[in-house]
Amino acid sequence: MKKYNLLALAALLALAGCATTSGPAGSDAAVESREKKVAATEARPAQAAVIPQGPLSAIQPSELSSQSVTALEPPPDLWHRIRRGFKMQNLETDLVKRQEQWYATRPDYIQRMTDRSRKYLFHIVEELERRNMPTELALLPFIESAFNPQAVSSARAAGMWQFMPATGKDYALKQNVFRDDRRDVLASTRAALDYLQKLHGMFGDWHLALAAYNWGEGNVGRAIQRNQRAGREASYTDLNMPDETRNYVPKLQAVKNIVANPDQFRAELPLIDNHPYFQTVTLSRDMDVELAARLADVNLDDFKALNPQLNRPVILAAGTPQILLPWDNATVFKRNFEAHSEGKFASWTAWSAPSTMSVAEAARRVGMNEGELRTVNAIPPRMLIKAGSVLIVPRSKSSQADVTEHVADHGQLSLAPEYLTRRTVVRAGKRDSVASIAQRYRLSATQVADWNNVGTSAAFRAGQQVVLHLPVRSAARAPVRVPGKNVRQVSTRSTAKATAPRKAVQPKKRR
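When you line the sequence shown up against mature numbering (1 follows the signal peptide of the UniProt record, and there is no 0), it's residues -21 to -1, 1 to 490, in that order.
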């Protein structure tokens, strides 16, 4: 019986410890005392828990209090969530006011940008919060590209985050004939946040990190050093920068201010749910872009907006194993994919040019119309296809296998300027070969061999006629080797008119 009494007493004590009052939170003095205790506890280093000895005493009602938990409620929409994560120091300058006025007088522009952002903003905010980065950075694509993942600048920066080709490669953004990850929603966001974190680590200040993102870390570093040598301050507003960089952070601050208080600027922000817009879906087979959109029951333009990295009308599973689809359409795609499993998924494949050739010649070899080959592979006029280039061509009965990972990841399309050439006949000299003549006329051995129906290691007899296709000016002064005589200029046998080019001229390298 004593045992049961003890258990009952323990239960009563436990209930007393869990009780709460239904009245006010407590007196101001009690709250102040409690806050001081909490502050003192936080200030002390963590200690091992102390287990009290002896009998427990019930908590008195005067010691009880309650606190509001409304802060734990999820934000009603994504804009509220972004505002909660603002951490950057505000910039208050005349340039900010000027940018605020610019945006405030263009409500249609704000509407277009924010409408476009709804596909990508949730993912960016999720990534920023996961990294404990300021959510102001989720607004940066408004400044960089107006949230257009297909944007390309005059300096060849591309994508929503505007990566230059070299910087993209530094951050593992693949750029090949099939895809450009600078435009990929997931990959470019990962790379941009990696880069911004690195810059913040270098400069210890988000304004300077943003300036470096726009102007380059080396330029910002040198500007800081110049100010330090001159004994001047080296904050963002103190540095001597180009106008674009000087206005860069003020633009972001202006957009932040509009998002923080749209009513003040008479701006209307469209409702963006605090919910993922898209899902990732894994592909196991090469697939036409149009078919993927159809299986997902998604408009083709909307599909491309979520998968803007695709350069060609086919998705290669070995290179792009995942696609993005609107949240509800992902399930539709999976169901339709299973139902389509017996059908044909891709009507395109990859083909590598065996030698440098004209577009017309390549089209003839793969059985395509020249215009269609140019269009599907984005080949501009008056260009040659260089040897080893990878093109998209129709699948044939003999090429039904999916494209390999190596080709999908490394395929490049290399072009060279097209020059008018003339069929020219020269006579071989003593000990001349395919290799020696190719070297003399700056041709490839493969070209000389093809034009003369011989192997690349073949030798010519002295005086044998050798067919070449040379640029018009070079053909006019092509020398002939005659056995026993010096090299001299001779008239050449040529066709009635200039023919399609056969020789690739190497373009100058660009930075």
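Virtual Cβ for every residue (Gly too), placed ideally from N, Cα, C.
For residue 395, the enclosing beta strand (DSSP E) starts and ends at 394 to 396. For residue 120, the secondary structure class from DSSP, reduced to helix, strand or coil, is helix. Given a length threshold of 3 residues, each whole run of the beta strand (DSSP E) inside the stretch 340 to 424 is given here in chain order: 362 to 364, 369 to 373, 394 to 396 and 400 to 406. Residue 78 is positioned such that its CB atom lies closer than 7 Å to that of residue 229. Beta-bridge annotation (DSSP): residue 260 is paired with 302. A straight line joining the alpha-carbon of residue 362 with that of residue 212 spans about 53 Å. Pairing residue 406 with residue 156, the inter-Cα distance amounts to about 41 Å. Residue 389 has its alpha-carbon roughly 8 Å from the corresponding atom of residue 154.
The DSSP assignment places complete alpha helix (DSSP H) segments of no fewer than 4 residues inside the stretch 104 to 181 at 119 to 123 and 144 to 149, in order along the chain. For residue 236, the CB contacts under 7 Å within the same chain, skipping 5 residues up- and downstream, are 79 in chain order. Ranking 148, 166 and 59 by CA distance to the CA of residue 114 puts 59 first. Your pair residue 369 and residue 386 checks out as a contact, with CB atoms roughly 6 Å apart and the cut at 8 Å.
Comparing alpha-carbon positions, the option among 226, 374 and 401 lying closest to residue 73 turns out to be 226. Residue 444 has 406 as its beta-bridge partners, per DSSP.
Between residue 62 and the set 91, 94, 88 and 107, the nearest pair of CA atoms involves 107. Within the model, the alpha-carbon separation for residue 178 versus residue 82 is close to 28 Å.
Residue 289 is bridged by DSSP to 158. By the Cβ-count criterion, residue 88 is exposed, with fewer than 16 other Cβ atoms from all chains shown falling within 10 Å of its own Cβ. Nearest Cα to residue 85 within the set 127, 247, 136 and 53: 247.
Contact check for residue 234 against residue 276 fails: the beta carbons are separated by 7 Å or more.
Taking 7 Å as the cut-off, the beta carbon of residue 400 is found closer than this to the beta carbon of residue 450. As computed with DSSP, residue 250 is found in no beta bridge at all. If you look at residue 337, you'll find it isn't in any beta strand (DSSP E); DSSP assigns it neither H nor E. The C-beta distance from residue 335 to residue 443 rounds to 24 Å, too long to fall under 8 Å, and the pair is not in contact.
Judged by DSSP secondary structure, residue 96 falls within the alpha helix (DSSP H) whose first and last residues are 86 to 96.
In the structure shown, residue 450 falls within a strand segment according to DSSP collapsed to helix, strand and coil. Where residue 202 is concerned, the enclosing alpha helix (DSSP H) starts and stops at 196 to 208. In terms of Cα proximity to residue 292, the closest of 259, 345 and 357 is 357. Here the alpha carbon of residue 428 sits roughly 8 Å from the alpha carbon of residue 437. Judged by their CB atoms, residue 339 and residue 364 are not nearer to each other than the 7 Å cut-off. Contact fails between the stretch 91 to 106 and the stretch 212 to 221, because fewer than three Cβ pairs, one in each stretch, are under 8 Å apart.
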